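Notes to accompany the following structure.
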Amino acid sequence: MIKRSVFENRMLPYLLILPQVLITAAFFYWPAFQGLGQSMMISDPFGLHTTFVWFDNFFALFRDPLYLRSIGITLVFSTATAMVSISLGLFIATMANRALKFKALIRTLLIWPYAVAPAISGILWLFLLHPSYGIVSLSIKKWFGTAWNPVLNGTDALVMIIMASAWKEVSYNFVFFVAGMQAVPKSLIEAAAMDGASPFRRFRSITLPLLSPTLFFLTVMNIIYAFFETFGVIHTVTQGGPGGATNTMVYKVYQDGFIGLNLGSSSAQSVVLMALIIFITVMQFRYVEKKVQYTG
Amino acid sequence: MVEKTPILDAFTYIFLTVGIFIVGFPIIYALVAATLPIEAVAKVPMPLIPGDQFWVNMTTAWEKGDLGTQLLNSLIMASGITFGKIAVSMLGAFSIVYFDYRFRTVAFVTVFCTLMLPVEVRILPTYEMAANLFGPLQGLWDTLVPDSVTRWFAGHDIEVRLELSLLDSYPGLILPLVASATCTFLFRQFFLTIPEELCEAAKMDGASAMTFFTKILLPLSRTNIAALVVIEFVYGWNQYLWPLLITTNPKMMTAVIGLQNLIPQADDLPFWNVALAGAIIVMLPPILVVLMMQRWFVKGLVDTEK
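Residue numbers (UniProt numbering), protein chains in the order written: chain A, 1 to 296; chain B, 1 to 306.
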């Protein structure tokens, strides 16, 4: 991990790394440790009295039906968002990879939602799914006869934020799948074709296995995206409602901490999230390094 | 592909068109709505033929949402994050790869531990930190210097308060988001692929470390920098939670947050035409950056994240 030829200098390397270390210490390590400490304390809303309570906040958290519900909501939301955006991304990428002409144009037409802020994606979908003006909700009503109302119905609201979040992420997955498919050796595909394998068979037996590292990586990234970056979607569109139906774990941290001023519980929730994401990351490294290694 | 499959090709193009349409539909629909007067938007169903109110709606959104100020704030924040991240991580990676010093591994590990943890998981304490940058120093002072010492020194009771707030300021919007290692990781990977001979030759010619950095490393990293500029600009522009917390002054609000005020609430008239016109203005800058720098963006994205 280091070059054999290096520069000799006593102070310079420290000076060079200093800005990064300072910023990381101030805005990463210090807050992280503060958060750990706060998660074991109970303070009144004005911050006048603080009591150290060990793990009481965590025990209370996992006994709180509202928190357990928000875990469930987060799981459903992130799994659905990841599945929708990954399958759509894979499908479109497969098509785009087959299309010989217009490759650049197709990519340009598909790539731009990446640049749309999740919050703005939320606004666009809120308009499409608005109970009284939205074209999609009106079509649902017309064709299926059921009223669609994300403002009042929790399930409808959850579906709405899933659609808004997944829509934006399709282009991200598309970019990675296209890059992954371009790395599949042409000779393999040609050899299989000469052996009489159909395009579908070639996709299933060659392309898909070779894409499995990409697929795994994207699953992790999409879940992390659904956990954290969709805060903007939820805040602009549903604000956790109706009746807490879209109150995901990250949104609850914000609500309990900044609106409810329940600092202890909010910090404990942050610590749970931190543990969760560290777990996902470790899994990713272990799994990607060991299991999913088809490409040489 | 390999053999001729006209039917499959036809299906490919049909499905692709459908796919592009699905991806593009929300924006096409929003664009149409942004050209209509309010009576037309409120009509059920909304007409799909564009109207002539585009400029009117744009101007209304611009004034009602104070978009001039907010777009400037977004621009400053996004550019600050982009520049900050790239500068800090390039220097950091240079230090880690091209020098051998005692705390190199420590520095490496401390920086890289931050790789995957977004600001969202530590919002409360980061907010406290930004509210008073000297908070940790104050704590240190309080523990190290007991009251009796200050009393003896000053002759009476004094309270030492160290305070520097970053709330409602550009450094507050920018700095906490610069603390991430993704860029450092990319630059480190890239520096490791640069042949040793370049460094050797530079040293033989008597170049100092910083000359090597500015004359050789910087020009070689052009593509990587371009790619990161796109990714980090989009990241910075689209930030939500952090600017929401740290700005209370409307003059410091960023555009993505400010849009919330344009969305019609339950008892308002449905000014969706204005809200969507505003949304289009705010999403345009990052989209343009991505489309104009597509080639670098794709390369950068695939390189950084993997």
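From the three backbone atoms N, C-alpha and C, an ideal C-beta is built for every residue, glycine too.
As the structure is a prediction and not an experimental result, all values here were calculated from the model.
Close beta carbons around residue i, own chain, < 7 Å, minus the five adjacent residues each side
{"i": "V230 of chain B", "result": "V289, V290, M293, W296, F297 and G300"}
{"i": "G84 of chain B", "result": "I174 and V178"}
{"i": "S89 of chain B", "result": "C183, T184 and F187"}
Which residues DSSP lists as bridging residue i, in chain order
{"i": "M41 of chain A", "result": "A:F52"}
{"i": "F7 of chain A", "result": "B:F99"}
Separation of residue j from residue i, as counted between CA atoms
{"i": "T35 of chain B", "j": "L48 of chain B", "result": "10 Å"}
{"i": "residue 319 of chain B", "j": "K142 of chain A", "result": "Nothing can be reported for residue 319 of chain B, as the shown portion of chain B is limited to 1 through 306."}
{"i": "T281 of chain A", "j": "L138 of chain A", "result": "42 Å"}
{"i": "V282 of chain B", "j": "L167 of chain B", "result": "23 Å"}
{"i": "F108 of chain B", "j": "E197 of chain B", "result": "24 Å"}
{"i": "P286 of chain B", "j": "A164 of chain A", "result": "18 Å"}
{"i": "G241 of chain B", "j": "F231 of chain A", "result": "A quick correction: the sequence has Leu, not Gly, at residue 241 of chain B. Rounded to whole angstroms, L241 of chain B to F231 of chain A spans 7 Å at the Cα level."}
{"i": "Y254 of chain A", "j": "L152 of chain A", "result": "22 Å"}
{"i": "G236 of chain B", "j": "S74 of chain B", "result": "8 Å"}
{"i": "Q293 of chain A", "j": "I246 of chain B", "result": "With a pLDDT of only 44 at Q293 of chain A, under the threshold of 50, the placement of this residue in the model should not be trusted, and no figure is reported."}
{"i": "F7 of chain A", "j": "T211 of chain B", "result": "11 Å"}
{"i": "V18 of chain B", "j": "M181 of chain A", "result": "21 Å"}
{"i": "R102 of chain B", "j": "Y287 of chain A", "result": "32 Å"}
is_contact[residue i, chain B] using C-beta, thresh 9 Å
{"i": "G255 of chain A", "result": "Just to set this straight, residue 255 of chain A is Gln in the shown sequence, not Gly. Not one chain B Cβ lies under 9 Å of Q255 of chain A."}
{"i": "H49 of chain A", "result": "no"}
{"i": "I17 of chain A", "result": "yes"}
{"i": "A117 of chain A", "result": "yes"}
{"i": "S121 of chain A", "result": "yes"}
{"i": "L12 of chain A", "result": "yes"}
{"i": "V53 of chain A", "result": "no"}
{"i": "G232 of chain A", "result": "yes"}
{"i": "I86 of chain A", "result": "no"}
{"i": "N222 of chain A", "result": "no"}
{"i": "F227 of chain A", "result": "yes"}
{"i": "L215 of chain A", "result": "no"}
{"i": "V170 of chain A", "result": "yes"}
{"i": "F59 of chain A", "result": "no"}
C-beta neighbour in chain A for residue i, strict 9 Å
{"i": "E63 of chain B", "result": "no"}
{"i": "R151 of chain B", "result": "no"}
{"i": "W55 of chain B", "result": "no"}
{"i": "V109 of chain B", "result": "no"}
{"i": "V229 of chain B", "result": "no"}
{"i": "Q70 of chain B", "result": "no"}
{"i": "F15 of chain B", "result": "yes"}
{"i": "G92 of chain B", "result": "yes"}
{"i": "E120 of chain B", "result": "yes"}
{"i": "K306 of chain B", "result": "Here K306 of chain B scores only 44 on pLDDT, less than 50, and its place in the model should not be relied on; the value that follows carries that caveat. Output row for K306 of chain B: interface = yes."}
{"i": "R222 of chain B", "result": "no"}
{"i": "W141 of chain B", "result": "no"}
{"i": "M252 of chain B", "result": "no"}
Residue i: CB within 8 Å of a non-hydrogen atom of the ligand ATP
{"i": "V184 of chain A", "result": "The ligand content of the structure shown is nil, which means the ligand ATP is not present either."}
Own chain partners of residue i with C-beta closer than 6 Å, once the 5 adjacent residues on each side are dropped
{"i": "F233 of chain B", "result": "A78, T82 and V289"}
{"i": "T81 of chain A", "result": "I162, S165, A166 and A226"}
{"i": "G264 of chain A", "result": "M41, I42 and N57"}
{"i": "I257 of chain B", "result": "P243 and L244"}
Proximal residues to residue i (C-beta, below 8 Å), its chain only, five neighbours per side dropped
{"i": "I140 of chain A", "result": "T146 and W148"}
{"i": "A117 of chain A", "result": "G232"}
Contact the region 9-28 of chain B vs the region 86-98 of chain A: 3+ CB pairs below 8 Å: yes
Segment contact, 8 Å Cβ cut-off, at least three pairs: the region 216-223 of chain A with the region 235-253 of chain A: no
Three-pair Cβ contact test at 8 Å for the region 263-282 of chain B versus the region 78-97 of chain B: no
Are the region 261-275 of chain B and the region 48-60 of chain B touching, with three or more C-beta to C-beta distances below 8 Å? yes
If you pair each beta-carbon of the region 245-254 of chain A with each one of the region 169-182 of chain A, do three or more pairs fall below 8 Å? no
Are three or more beta carbon pairs between the region 223-230 of chain A and the region 71-88 of chain A nearer than 8 Å? yes
Counting beta carbon pairs with one atom in the region 16-31 of chain B and one in the region 104-111 of chain A, are three or more of them shorter than 8 Å? yes
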